């Protein structure tokens, strides 16, 4: 099966220059993975692991100071077969957004216009991207769509502030699916919501995915959510992928030390076993450590981890791990170790303070 | 790893039910809430209505029995209002909140306020708002030390700060001269706890201290609370919606819904064998890291009607979503019924009704006619169980 | 400090222009100390001569060299602006911080006073005052009066900032660190309020200078001291435009424009720099 979205060796940095101080944050630094049709793919990681930047690139939201350093994001579905990074802003807007890829964010207020009723926001989206020829037909179809997702039709005539947080988030999901896109990106969609409401929102996402067979890219730091919703999970740390595998494998047989810590530190009701915290904190991405980015906090780091970036090993059942301690065939092409930075990399210096 | 001592005191006597416990003979409780009600007027001049944020809550907490006491609930449950009551920021509409035997409003008059603050300290939810982004975090530690008389000058304050930071697993060297954005969320919360410990308080009120901290860093903070209870004999009132960490760390727990404490008691009982249907729903909705039945968690759940409606309704606030609802549930607020060391506000446990104990399953999976609810106002919802799931 | 200025000069065009313009003004003010002509003496030089090498701004109908007279005028106008701005900043800060933090009746009383000042029609009052105290309306008196009237808008601005700052968690942390209200206002809130204060300082200076010009043109201020306004007054008195003595109007207007633009650019560029968000970005947040 051909991947829906193939991300190859993506590097995306934030480059700021303020009063003579240059700063480069290497937020996504060599990420390669594939998304396939009809799956829920989870991205897990702590804050400042680069997942938000990764999402921005995939959804075409690349604005200063974010700059693509290298890599490709290849989208293939229907009549589109292109590297999204080569698309112009116009092409992204007319071809891709809402129709092929849609984006549900944390905090639905970014997509819901606070001074307009929900139905009007729907209208704005549909008329911009497809045009409304028959008002009544549009209204009927929208109402049917919303009810099919389990929402009362009354929400269409409400203002956003009249709805609860969970309801707003589900409305945002309804908007994101109005054109039945191939890929729905959900970025921490339930982080600010209560646990029962969270269950309802995620249930809705899962139903949508099952009914239309599209792909959901779910980004959240909450591992337990991934355990219950995702088919495959990818663990990101400090701008790189540490491990990627089917959900059961990640939770029952993780190979990367970081993943192992993440899993073992999850509390659950009924278990009072003392859990250790991981010492230290995620690195500053404007000055990341050499070699494996995790080595400073890794309980089993060895010498090579300090200087050489571990290549991605491929294990059976589509299990990938980036760790020197794991044996297995490495992916081609080989990743460039930090030691041999190219000319252009060297020009991207960090913290040039006068 | 061995089972840690958790310092949990088992119920001491038959009189201890739910949240009201006993201390040493003659000891005045550190905190005592006596039928506290907090009501707000909301709405505009012409259309006012009453919102009862805290509805008839009673509890006691003793210094001789340091514990971690959890107030759990979703948004709108009243837990934030409770934290404000305990910190003295709010006065109850009726009932009394007493600190060491005296009403809080008397305690915090004038100079008493500082004395109160030296005993009761907060930890806030958002680590990046807890400290002024334009000030170095160590300044707060020094200020606290000097203002509460723990240090006489800056040099002494530095020592005090260092000791406090070491007790939370950091050191002054690590955080010196740093601004909040230079530290991680977990580190800031630890500094926040260190600051709170400087005046040697008896109790820390932590309002959602880990909800904005990354999952992998949460254990630092939560383990710290255990250490405070066991080594420093400091009690912690832990306010959260995260039942998993609540289970891991607390001794007693009170589950709140729309201002009512619907179930309260030792955490081992309440969270492992919940009795109130809402507690069951909460527990079932917590995503388990090793789910036995992945499908069950994402199968159909109904979300409650708008919050204000649930507040305004008479009777049990869970009635509209409860699979075991009875007529009486909608007529009168259920009082506390005693089950072992627990207090449960549910008519299912009314001894006068003689209802046979049966496992509560499929909470929240009954499909309620939402449109009917919203359109008609207060109808009897037609409850048609759609998918009966076994938890 | 020096490094800040050097950085700003290199990277902020506005600051560079402001620096140049205000340097010109500063030079003029400094030159007033070495002026060969006294501003009080009249009929010292040939009257009504157009700008030349000897008299760069020409001469006036009162026989004064306009350039050297203007050096005093600029200095006095600036002085007035600074005094008025400083006085009104202190009052605005005191009122804004207190009303915002205390709330309750203190807030209500202060804001009532504030709003009364806002609705007062200032120009007629100043005109009235100038009639009443004609003799003693010196540049300094006028500056003080303008300072006493120039604070209300800004006090309210500061107050609303404080209101929102009060709700943020770090204000509560400060309370629980045992800090007094005063300390909280100064240590926690002031750094956020300062950009507002700064922007409004320059604004206030411009306003005060403008007020002075208005009053002087109407002949209601101390006409014996040279200021931007009195230069226009004298020019009008002698019908300069009608008589074709354009430089008598042109020079003060040109200086005023340079001063105003310079101050404005300084305000916007420094404001960006002082803004807490910029400071945070510089620190690497």
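Chains as they are written, first to last, in our numbering: chain W, 16 to 369; chain V, 2 to 392; chain E, 71 to 355. Quick reminder that beta carbons are idealized off the backbone N, C-alpha and C, glycines included. Just so we're clear, the structure is a prediction, and the values are computed from it rather than from any experiment.
Name the chain W residues that come within less than 8 Å of residue 218 of chain V, Cβ to Cβ?
61, 292, 293 and 296
Ends of the alpha helix (DSSP H) at residue 197 of chain E?
192 to 202
DSSP three-state assignment for residue 117 of chain W, whether helix, strand or coil
strand
Does any CB atom of chain W fall closer than 8 Å to the CB of residue 77 of chain E?
yes
Looking at chain C, which residues of the stretch 240 to 273 of chain V have a Cβ within less than 7 Å of any of its Cβ atoms?
The structure shown contains no chain C; its protein chains are W, V and E.
Find the residues of chain W that neighbour residue 351 of chain E, judging by a C-beta separation of less than 8 Å, and give them in chain order.
31 and 33
Check residue 335 of chain V in the structure and name its three-state DSSP category.
coil
Mind checking which residues open and close the alpha helix (DSSP H) that includes residue 148 of chain V?
138 to 148
Helix, strand or coil at residue 16 of chain W [DSSP, three-state]:
coil
Who are residue 112 of chain W's beta bridge partners in DSSP?
W/116
Select from the stretch 179 to 192 of chain V all residues with a C-beta closer than 9 Å to any C-beta belonging to chain W, and list them in chain order.
183, 184, 185, 186, 187 and 188
Where does residue 76 of chain W sit, in a helix, a strand or coil, going by DSSP?
coil
What are the start and end residues of each continuous alpha helix (DSSP H) run of 4 or more residues lying completely inside the stretch 226 to 285 of chain W, in chain order?
238 to 244, 262 to 267 and 272 to 279
Compile a chain-ordered list of the residues in the stretch 221 to 247 of chain W whose CB is closer than 7 Å to at least one CB of chain V.
221, 236, 237, 238, 239, 240, 242, 243 and 244
Those residues which DSSP pairs with residue 180 of chain E across a bridge
DSSP output for residue 180 of chain E lists no bridge partner at all.
Look at the Cβ atom of residue 192 of chain W, then the Cβ atom of residue 199 of chain W, and state whether they are nearer than 8 Å.
yes
Please list the terminal residues of the continuous alpha helix (DSSP H) segment that includes residue 330 of chain E.
316 to 344
From the DSSP output, in three-state form, read off residue 51 of chain W for me.
coil
Rounded C-alpha distance that separates residue 38 of chain V from residue 93 of chain V
6 Å
Residue-level contact to chain V via CB, residue 74 of chain E, 8 Å cutoff
no
Anything in chain V within Cβ reach of residue 246 of chain E, meaning under 7 Å, just list it in chain order.
118, 122 and 123
I want to see whether chain W comes within less than 8 Å of residue 81 of chain E, judged by CB atoms only; does it?
yes
Please list, in chain order, the chain V residues whose beta carbon lies closer than 9 Å to that of residue 283 of chain W.
245, 248, 249, 287, 289, 290 and 291
If you reduce the DSSP assignment to three classes, tell me which class residue 264 of chain V lands in.
strand
Any C-beta of chain V under 8 Å from that of residue 239 of chain E:
yes
I'd like to know whether the C-beta of residue 115 of chain V is nearer than 8 Å to at least one C-beta of chain E.
yes
Does the stretch 126 to 137 of chain E come into contact with the stretch 272 to 283 of chain E, if we say contact requires no fewer than three beta-carbon pairs (one atom in each stretch) closer than 8 Å?
no
Based on DSSP bridge pairs, tell me the residues matched to residue 32 of chain W.
W/37
Any C-beta of chain E under 8 Å from that of residue 160 of chain V
no
Would you verify that the beta carbon of residue 131 of chain V is, or is not, closer than 8 Å to some beta carbon of chain E?
yes
Please give me, in chain order, every unbroken run of the beta strand (DSSP E) with length at least 3 that falls completely inside the stretch 60 to 85 of chain V.
69 to 74
Please determine if the stretch 95 to 113 of chain W and the stretch 276 to 291 of chain W are in contact, where contact requires at least 3 C-beta pairs separated by less than 8 Å.
no
From E/294, E/335, E/343 and E/309, residue whose alpha carbon lies closest to that of residue 110 of chain E:
E/294
Assigned secondary structure, residue 202 of chain W (DSSP; H/G/I helix, E/B strand, else coil)
strand
Check the Cβ-Cβ distances between residue 149 of chain V and every residue of chain E, and say whether any is below 8 Å.
yes
Partner residues on chain W for residue 221 of chain V, Cβ-Cβ distance less than 7 Å
292
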